[in-house]
Structure formats: structure tokens, C-alpha cells
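Notes to accompany the following structure.
Here's what the structure looks like:
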């Protein structure tokens, strides 16, 4: 009988694989995530699949309903615009508060998280399949920037909003790869520098530009139709 550790490891592996497929577009926005089919694909129990899909729901990459089961989160222009405005307000406030409250340990954690993200960005440029590594490093960097804001509720709201934007972020990354209009590495480096040099007003402007540019790039490409 599998040990609890083995069960947990299997669940983590399956979760990471499905997450990667969602971000790569293997499972289209709005497409059903059928437990039986995924269990056959990964050769695991439906219980393991269900646990993975619950985690993805918590990360706002999937949704579930009583009658229809799990689906990939749907996306739309209207949702993106609404999400953008709320993120600008919340993340801007959280970043300013974090810069004003953060200590030397926070500064060190920002530099460290940026270093990891920079490595992930270099890896992704040479290995297009390394989406998940970049996504996790990107999430950690932005989480660290606001970690000292002093309000767990504010930080949680900001994280949840960013999680809701995850699929849009991938669309932005795809658009960036075919244009020279954006340099995410420079944007992230600027955010780090502004944070650790305590330039809160400039940092707020930078995070707003960072979020809005993502939206502009996504809107230039067609929003994928909901899967069936």
C-alpha cells in the first residue's frame, strides 16, 4: 500500500503537470478537466487527480461546480480589464506599505527572490518548456515585494488577484516572445532596485506600468475561445 509520503509526492507531481498544461494551453480556457481521463493519463487514482484539481482551484487556474465538475478558468477581455484595475490599486498600495515597513531582512529576501527569477527567465529563454519554473519564481518575487506590507489580509488579496491573472500572464509572455516591445527582466530589475532603495512612489508607478503593459499585450492577441 502506498505510503502517505508517496501519495503526497504523486499528487504534487500530477498537480505540477496539469498546471503546466494549463499554462501552455494544452487545456484551453473553459475546457473541462475530466477526472477519469486525467487519472488514465497520469496512471494515478481519481482521488489524486481530485486533490490536484482542488489545489488548482485554490490557485485560480481551475473552477468547479456541483453539476459540471472541474474546468479550466475562463478568460475574457472584460474580466482582464476589471482585474487590471483592481490589481493596480491593491498591489500598488501593498508595495508602498511594504517598502515603508520592510527591514534589512526584507531587502535581502527581495534581492534573493529576484536572483531566482532572473535565473528562471534565462532558463525560459533557452527552454520554452520551463514555464512552471518561471511562473513559481515570478510568483515568489512579487509575493516577496509586498511581504512587509504589515497586513496579511492585503497581502492575501494581492496574491489571489495575481493568481487570477496567471493565465493572462502566460498569454503576455507568449506575445512578448514575438515582439521587442517589452523587456520583463528589466522591469523586474527596476522593481527590485526601487524597492530596496525605498523609492515608494516610483515603485508604485513601476508596478502599475508593469501590470498595465501585461494587459496591453494580451489585448493585442485574440482571447482563446472556451474549450469544450
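Residue numbers (full-length UniProt numbering): 1 to 228.
A virtual CB, placed ideally from N, CA and C, is assigned to each residue, including glycine.
Euclidean distance between Cα positions of residue i and residue j
{"i": "residue 50", "j": "residue 158", "result": "26 Å"}
{"i": "residue 85", "j": "residue 188", "result": "20 Å"}
{"i": "residue 131", "j": "residue 214", "result": "17 Å"}
{"i": "residue 40", "j": "residue 133", "result": "25 Å"}
{"i": "residue 217", "j": "residue 169", "result": "10 Å"}
{"i": "residue 100", "j": "residue 69", "result": "44 Å"}
{"i": "residue 195", "j": "residue 150", "result": "15 Å"}
{"i": "residue 38", "j": "residue 199", "result": "48 Å"}
{"i": "residue 98", "j": "residue 148", "result": "4 Å"}
{"i": "residue 220", "j": "residue 211", "result": "15 Å"}
{"i": "residue 54", "j": "residue 156", "result": "18 Å"}
{"i": "residue 120", "j": "residue 186", "result": "14 Å"}
{"i": "residue 109", "j": "residue 184", "result": "20 Å"}
{"i": "residue 230", "j": "residue 96", "result": "This structure gives no information on residue 230, because the portion of the chain shown stretches from 1 to 228."}
{"i": "residue 16", "j": "residue 64", "result": "18 Å"}
{"i": "residue 152", "j": "residue 201", "result": "22 Å"}
Cβ separation of residue i and residue j, assumed to be a contact under 8 Å, to the nearest whole Å
{"i": "residue 74", "j": "residue 29", "result": "5 Å"}
{"i": "residue 23", "j": "residue 135", "result": "6 Å"}
{"i": "residue 191", "j": "residue 90", "result": "That belief does not hold up - the Cβ atoms of residue 191 and residue 90 are roughly 16 Å apart, past 8 Å."}
Span of the beta strand (DSSP E) around residue i
{"i": "residue 62", "result": "62-65"}
{"i": "residue 72", "result": "69-72"}
Cutoff 7 Å; reference residue i; Cβ partners in own chain excluding five residues on either side
{"i": "residue 19", "result": "56, 61 and 132"}
{"i": "residue 165", "result": "83 and 87"}
{"i": "residue 14", "result": "42, 44, 48, 49 and 52"}
Same chain, Cβ closer than 8 Å to residue i, five either side skipped, listed in chain order
{"i": "residue 27", "result": "18, 21, 33, 72 and 227"}
{"i": "residue 92", "result": "204, 207 and 208"}
{"i": "residue 140", "result": "113, 116 and 117"}
{"i": "residue 103", "result": "148"}
{"i": "residue 59", "result": "19, 163 and 166"}
Contact with chain C by residue i, beta-carbon distance below 7 Å
{"i": "residue 146", "result": "Absent here is chain C; the protein component of the structure consists of one chain."}
Residue span of the alpha helix (DSSP H) that contains residue i, given as start and end
{"i": "residue 57", "result": "46-58"}
{"i": "residue 40", "result": "35-42"}
{"i": "residue 92", "result": "77-101"}
{"i": "residue 27", "result": "Residue 27 -> no alpha helix (DSSP H), and no H or E assigned at all."}
{"i": "residue 197", "result": "Per DSSP, residue 197 belongs to no alpha helix (DSSP H) and is neither H nor E."}
{"i": "residue 229", "result": "This structure cannot speak to residue 229, because the chain is shown only from 1 to 228."}
Residues of its chain near residue i, where Cβ-Cβ distance is below 6 Å and the 5 sequence neighbours each way are ignored
{"i": "residue 154", "result": "94"}
{"i": "residue 137", "result": "116, 117 and 120"}
Legend entry - Three-pair Cβ contact test at 8 Å for the stretch 78-89 versus the stretch 38-46: Using a C-beta cut-off of 8 Å, the stretch 78-89 makes no contact with the stretch 38-46, since fewer than three inter-stretch Cβ pairs fall below that distance.
Legend entry - Three-pair Cβ contact test at 8 Å for the stretch 106-123 versus the stretch 137-156: Segment contact: the stretch 106-123 against the stretch 137-156, three or more CB-CB distances shorter than 8 Å; contact assigned.
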